[in-house]
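Engineer: Numbering (the UniProt record's numbering), first residue to last: 1 to 170.
By construction, the Cβ of each residue, glycine as well, lies at the ideal position given by its N, Cα and C atoms.
Keep in mind the model is a prediction, meaning the values are calculated, not measured.
1. Using only the alpha-carbon positions, how far apart do residue 108 and residue 99 sit?
2. State the Cα-Cα distance for the pair residue 144 and residue 135, rounded to the nearest angstrom.
3. Please tell me whether residue 140 and residue 116 are closer than 8 Å, where the distance is taken between their beta carbons.
4. Cutting at 8 Å between CB atoms, please list the residues of its own chain near residue 137, excluding the five before and the five after it.
5. For a test of the three-state rule: what should DSSP assign to residue 142, helix, strand or coil?
6. Please give the ranges of any alpha helix (DSSP H) in the segment 29 to 81, keeping only runs that are unbroken, at least 4 residues long and fully inside the region.
7. Touching or not, the segment 160 to 169 and the segment 127 to 134, by the rule of three or more beta carbon pairs under 8 Å?
8. How far does the alpha helix (DSSP H) with residue 92 in it extend, from its first residue to its last?
9. From 37, 61, 153, 26, pick the residue whose C-alpha is nearest to that of residue 46; which is it?
10. Count the other CB atoms within 10 Å of the CB of residue 85; is the residue buried (16 or more) or exposed (fewer)?
11. Excluding the 5 residues flanking residue 34 on each side, which residues of the same chain have their C-beta closer than 8 Å to its C-beta?
12. Decide if residue 177 is buried, meaning its Cβ has at least 16 other Cβ atoms within 10 Å, or exposed.
13. So, is residue 20 buried or exposed, given that buried needs 16 or more other C-beta atoms within 10 angstroms?
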């Protein structure tokens with residue numbers, strides 16, 4: 001009986017998704033690049049549902065390129081080191097960024113594992129053990145035509161210990 005409310009939420013969400021009717025929208029993205037620094041300009045109305053309104057606003061911006069900045073929002077950002085990939089994350093990223101099907105990704109991963117370039121590919125662990133030797137892998141990659149210069153930089157001071165994830169199936 002205690003699962004009835006949960007089932008109700010699931011059904012409600014399912015029906016919301018089923019009844020959803022997508023609506024086309026338009027937006028204007030304004031950027032300015034100078035000296036390898038890109039500034040992104042935004043406005044309060046993120047998107048417009050009227051194409052003609054968007055075209056008119058675009059033409060107004062285009063015909064009068066001088067703008068008035070009304071507010072500057074500047075915040076520090078941190079770029080975290082990635083955690084090692086679990087099998088599922090590896091498959092998702094290979095599909096999203098490389099457009100590789102999962103069977104091809106696994107075949108490539110197993111080939112790299114058999115040659116000693118990566119750790120065991122079928123794992124849900126997203127952390128390296130303390131005694132895992134990453135340096136010998138970098139040394140193997142150093143003569144590679146594409147990855148060699150990057151591996152050399154890592155070997156000569158740019159290497160940072162990978163961040164530990166939360167999952168360990170060892």
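Structural biologist: The relevant details are as follows:
1. Your numbering for residue 108 matches position 108 in the chain shown. Your numbering for residue 99 matches position 99 in the chain shown. Rounded to whole angstroms, the gap between the alpha carbons of residue 108 and residue 99 is 13 Å.
2. Position 144 of the chain shown, counting from 1, holds the residue named residue 144. Position 135 of the chain shown, counting from 1, holds the residue named residue 135. Approximately 15 Å between the Cα atoms of the pair.
3. In the chain shown, residue 140 corresponds to position 140, counting from 1. In the chain shown, residue 116 corresponds to position 116, counting from 1. Cβ atoms of residue 140 and residue 116: closer than 8 Å.
4. One-based indexing of the chain shown puts residue 137 at position 137. Listed in chain order, the non-local C-beta contacts of residue 137 below 8 Å within the same chain comprise 116, 117, 118, local neighbours out to five positions each way being set aside.
5. Within the chain shown, residue 142 is the residue found at index 142, counting from 1. For residue 142, the secondary structure class from DSSP, reduced to helix, strand or coil, is coil.
6. Within the segment 29 to 81, the complete alpha helix (DSSP H) runs of at least 4 residues are 51 to 63.
7. Verdict: yes, contact present.
8. Taking the first residue of the chain shown as 1, we reach residue 92 at position 92. First-last of the alpha helix (DSSP H) with residue 92: 87 to 98.
9. Against the chain shown, residue 46 aligns to sequence position 46. Cα-wise, what sits closest to residue 46 is 26.
10. For the purposes of this step, residue 85 is taken as residue 85 along the chain shown, with counting starting at 1. Per the 10 Å Cβ criterion, buried.
11. As a working mapping, residue 34 is identified with position 34 in the chain shown. Closer than 8 Å at Cβ, skipping near neighbours: no residue.
12. Nothing about residue 177 can be read from this structure; the chain reaches only from 1 to 170.
13. The residue labelled residue 20 in the question sits at position 20 within the chain shown. With a 10 Å radius around the Cβ and a threshold of 16 neighbouring Cβ atoms, residue 20 comes out exposed.
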